[in-house]
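Structure, as structure tokens:
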Amino acid sequence: MPMSSDEIDIIGKKVKDMYGTQVGKVVGTISDIDGSIQTVGIDCGAEGLKQIAFEQLVVQADVVIFIPKWRLDSQRLLREKGLTLRRLKALFDLVSENDDMKESAEMLHEKYKSKLATFDETEKQIRAQLDARTAELDEQMKSVKMLIFDAKMQFKSNEISESMFESVKTQTTDLIEHITHERAEISNVQRRLEDLSMEVQTTEAPREKLQEEAESYLGTQSEIEVQAKLPEVPEQATAPIEQPATPPEQSSAPISEPMVTPPPVSASTDGISSNPEQKSDDSDWLSRMEAQ
């Protein structure tokens with residue numbers, strides 16, 4: 000696609016960031032084979048010439064706004080990940096309203112869960128970029144505060160005038176606001192990423208519930224089929240089981256009686272005790288015969 004008139008007019012325009020800080024001036028562009036702009040060359044003064052992707056620039060009437068890459072990447076991730084989570088939520092709502100859609104819902108659920116998994120590496124890179132940028136802003140804030148403190152010390156020591164000290168404060172105020180706004184935006188992006196991570200965790204509970212409902216649904220069907228196929232088995236099985244239950248109770252009674260009653264033992268003792276009396280009678284008879 001050839002360059003439009005607005006894209007051609009970009010040459011020579013000043014470039015500022017989202018917070019109004021001067022970045023540089025556009026000196027040229029690099030286009031693709033179809034004529035579309037790929038990168039824009041920006042003269043950044045002491046930092047030299049930088050090639051910035053055209054998607055990071057917003058062309059306005061008198062200025063070009065530079066958008067940092069971390070902001071574009073994070074906004075894209077938040078948009079795509081948020082849409083995927085909203086679809087998952089809508090999927091669970093549909094399943095709760097209609098049980099017949101469980102099989103189709105399970106397939107779509109796996110598709111969206113795979114999509115969420117692809118965001119993990121991108122989110123890891125964006126978090127690293129945000130942490131690095133936050134560290135840079137912290138160092139910049141320390142440098143600005145040091146400038147203000149040094150100017151105040153020079154003013155107190157009568158090295159500079161009060162107007163000079165106020166001029167330093169005025170020039171650094173814009174820079175402090177710039178740093179404060181960017182840090183606040185980074186914190187907002189980090190918070191939104193954390194919120195989306197919490198939403199991802201909450202999607203695991205409906206997924207387990209969906210699986211439990213599917214398993215319970217299949218289990219109920221199998222139990223109903225078994226009961227429908229075998230209605231007579233319990234009645235036939237109980238008849239032979241109840242009959243042999245009574246004989247053991249009757250047979251247990253006579254078994255316990257001979258173990259408790261002692262008649263055989265007393266009879267045996269009588270027999271044992273009668274044997275000595277017979278032996279004594281025999282001995283008396285022999286003694287009388289010898290005496291005669």
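Numbering (numbering that gives the first Met the number 0), first residue to last: 0 to 291.
Ideal placement from N, C-alpha and C gives every residue a C-beta, glycine not left out.
Note that this is a predicted model, so its numbers are computed, not measured.
Assuming residue i contacts residue j under a Cβ cut-off of 8 angstroms, what Cβ separation, rounded to an integer in Å, is found between them?
i           : j           : result
residue 143 : residue 65  : No, residue 143 and residue 65 are not in contact; Cβ-Cβ is about 21 angstroms, not under 8 angstroms.
residue 185 : residue 133 : 6 angstroms
residue 50  : residue 40  : 6 angstroms
residue 62  : residue 56  : Between residue 56 and residue 62 the Cβ distance is about 10 angstroms, and since that is not below 8 angstroms, they are no contact.
residue 36  : residue 53  : 4 angstroms
residue 20  : residue 177 : 5 angstroms
residue 43  : residue 23  : 4 angstroms
residue 125 : residue 173 : Actually they are not in contact, since the Cβ atoms of residue 125 and residue 173 sit about 28 angstroms apart, beyond 8 angstroms.
residue 101 : residue 94  : 6 angstroms
residue 136 : residue 171 : Their Cβ separation, rounded to whole angstroms, is 15 angstroms, which puts residue 136 and residue 171 out of contact at 8 angstroms.
residue 181 : residue 18  : 7 angstroms
residue 104 : residue 90  : 6 angstroms
According to DSSP, is residue i helix, strand or coil?
i           : result
residue 158 : coil
residue 8   : coil
residue 251 : Unreliable placement is indicated for residue 251, whose pLDDT of 43 sits below 50; no coordinate value is reported for it.
residue 216 : With a pLDDT of 45 at residue 216, under the threshold of 50, the predicted position of this residue should be treated as unreliable, though the coordinate-derived value follows. Correct three-state label for residue 216: helix.
residue 238 : In this predicted model, residue 238 has a pLDDT of only 45, less than 50, meaning its place in the structure is not dependable; the value taken from the coordinates is given anyway. In this structure, residue 238 counts as helix in the three-state DSSP scheme.
Quick check: does the Cβ of residue i come within less than 7 angstroms of any heavy atom belonging to the ligand SAM?
i           : result
residue 177 : This structure simply doesn't include the ligand SAM, nor any ligand for that matter.
Counting only C-beta atoms, is residue i closer than 8 angstroms to chain B at any point?
i           : result
residue 117 : Note that chain B does not occur in the displayed structure, where there is just one protein chain.
- Output the residue ranges of the beta strand (DSSP E) runs that lie fully inside the segment 13–97 and measure 3 residues or longer, sorted by chain position. As far as the segment 13–97 is concerned, its whole beta strand (DSSP E) runs of at least 3 residues are 13–16, 21–30, 36–42, 48–52, 56–58, 62–65.
- Query: Does the count of Cβ pairs from the segment 184–196 and the segment 73–90 closer than 8 angstroms reach three?
  - Reply: Result yes; three or more Cβ-Cβ pairs closer than 8 angstroms.
- Message: For a minimum of 3 consecutive residues, which ranges assigned as the beta strand (DSSP E) are wholly contained in the segment 104–138?
- Response: Positions of the beta strand (DSSP E) runs, each at least 3 residues long and wholly inside the segment 104–138, cannot be given because no such run exists.
- Message: Does the structure place the segment 103–114 close enough to the segment 81–93 that three or more beta carbon pairs sit under 8 angstroms?
- Response: Segments in contact, yes.
- Message: So, does the segment 116–130 touch the segment 143–162, judging by three or more C-beta pairs under 8 angstroms?
- Response: No, because fewer than three Cβ pairs between the segment 116–130 and the segment 143–162 fall closer than 8 angstroms, the two stretches do not touch.
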